[in-house]
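> Line by line, the protein sequences are chains A and B.
Residues 1 to 167, numbered by this note's numbering, are exactly what the first sequence covers, in order.
Residues 1001 to 1114, numbered by this note's numbering, are exactly what the second sequence covers, in order.
Where is the CB? At the ideal position from N, CA and C, for every residue including glycine.
This structure is in structure tokens; I'll ask about it shortly.
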Amino acid sequence: MNFDSKLVFLADTTNHTITVRKKFAAGRQLVWDCHTKQDYLDRWFAPEPLTTKTKHMDFRPGGYWHYAMIEPQGQEYWSRLDYQTIDPIDRYIALDGFTDETGTVNPDMPQANWEVTFSDASGHTLVQTVITYRSAEDLGKVIAMGMEAGLTSTLERLDKLLLTLEK
Amino acid sequence: MENYSHDLDTAFHALSDPTRRAVVSRLMRGPAPVKELAQPFGMGLPSFLKHLKILEESGLIISSKEGRVRTCEVRAERLTALERWFDEQRAIWESRYEKLDGLLMNLRGEKDEL
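Written out as structure tokens, the structure reads:
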């Protein structure tokens, strides 16, 4: 590939935001579809070695995506993304929250605002996701819970495994 | 693991206040005496010392006294804990987007075959 497809990842503890930016080697319509259609989302959204399972998807303002990221051993992490604003194929705004299998949002856990924008970049597509937590305390809670849930430790194990394999 | 979570909670509580965030930002540039730290904030010294106490209890900063001057500095390893979480988030996005790169390549291939 002859373009910079590297991920840009900016964490800002002062404003409690995370910004993720990346270029994809495809047209905007296709990249948009991959972000907004269940069949496609199920094929990429969970990081390795997890897989994605959708329970409900209704991509329109007021609708939501209820899905799980599943570890190879079967442990499931449920979330839902509540769509608020949709401007095809430019951007969508959604609320990201932790749920259980029934889709009930965990009231003790903070939700994050996602603003995902899609723009043309010389034949490719630039996608930017800005994740905003309401406060530093909200972000702290999410971090603490992520550690407890063990999802991050899965990735740590993977990193360690990769290091071992490289030797 | 539980302690680690608790530590992060405390650290984030400490960082939830603008004055305390500003103090940590300032200290990232190097140690500073309490008097100098307090100066930009137009609040009484007792109130300011309360903020410093919360920061110290969270483990984000330490202070030491030499003669009549108390100097504060950040504890880099505590901030590292936060950075680690962000690193893990980055790893999630990297992995997720690697899959999307692959999916897009497949989908474009399918289209070309039509």
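To be precise: take each residue of the segment 23-46 of chain A, compare its Cβ to all Cβ atoms of chain B, and keep it if any distance is under 8 Å. Which residues remain?
Taking 8 Å as the Cβ-Cβ cut-off against chain B, the residues of the segment 23-46 of chain A that qualify are 24, 25, 26, 30, 31, 34, 40, 43, 44, 45 and 46.
> Hey, how far is the Cα of residue 1064(B) from the Cα of residue 1088(B)?
The residue given as residue 1064(B) occupies position 64 in the second sequence. The residue given as residue 1088(B) occupies position 88 in the second sequence. Computed Cα separation, rounded: 34 Å.
> Is the Cβ of residue 121(A) closer than 8 Å to any Cβ of chain B?
Position 121 of the first sequence, counted from the start, is the residue given in the question as residue 121(A). Answer no: the Cβ-Cβ gap between residue 121(A) and chain B never drops below 8 Å.
> Would you tell me roughly how many angstroms separate the C-alpha atoms of residue 63(A) and residue 1018(B), rounded to the nearest one?
Position 63 of the first sequence, counted from the first residue, corresponds to residue 63(A). Position 18 of the second sequence, counted from the first residue, corresponds to residue 1018(B). Answer to the nearest angstrom: the Cα atoms are 36 Å apart.
> Please identify the residue among 47(A), 92(A) and 29(A) whose C-alpha is closest to the C-alpha of residue 121(A).
Working through the first sequence from its first residue, we reach residue 121(A) at position 121. For residue 121(A), the nearest C-alpha among the options comes from 29(A).
> Do residue 59(A) and residue 85(A) have their C-beta atoms closer together than 8 Å?
As a working mapping, residue 59(A) is identified with position 59 in the first sequence. As a working mapping, residue 85(A) is identified with position 85 in the first sequence. Contact flag unset, no.
> Does the beta-carbon distance from residue 61(A) to residue 83(A) come in below 8 Å?
One-based indexing of the first sequence puts residue 61(A) at position 61. One-based indexing of the first sequence puts residue 83(A) at position 83. Contact flag set, yes.
> What residues in its chain sit with their C-beta under 7 Å from that of residue 1074(B), if we drop five residues either side in the sequence?
Numbered from its first residue, the second sequence carries residue 1074(B) at position 74. Same-chain partners within the cutoff: 1024, 1027, 1028, 1060 and 1061.
> State the start and end residues of the unbroken beta strand (DSSP E) segment that holds residue 20(A).
The count along the first sequence starts at 1 and reaches residue 20(A) at position 20. Unbroken beta strand (DSSP E) run through residue 20(A): 17-24.
> Assign residue 116(A) to buried or exposed, taking buried as 16 or more other Cβ atoms, counted over all protein chains shown, within 10 Å of its Cβ.
In the first sequence, counting from the first residue as 1, residue 116(A) sits at position 116. Its Cβ being crowded by 16 or more others within 10 Å, residue 116(A) is buried.
> Buried or exposed: which applies to residue 1035(B), given that a residue is buried once 16 or more other Cβ atoms fall within 10 Å of its Cβ?
Position 35 of the second sequence, counted from the start, is the residue given in the question as residue 1035(B). Answer is exposed; the Cβ neighbour count stays below 16.
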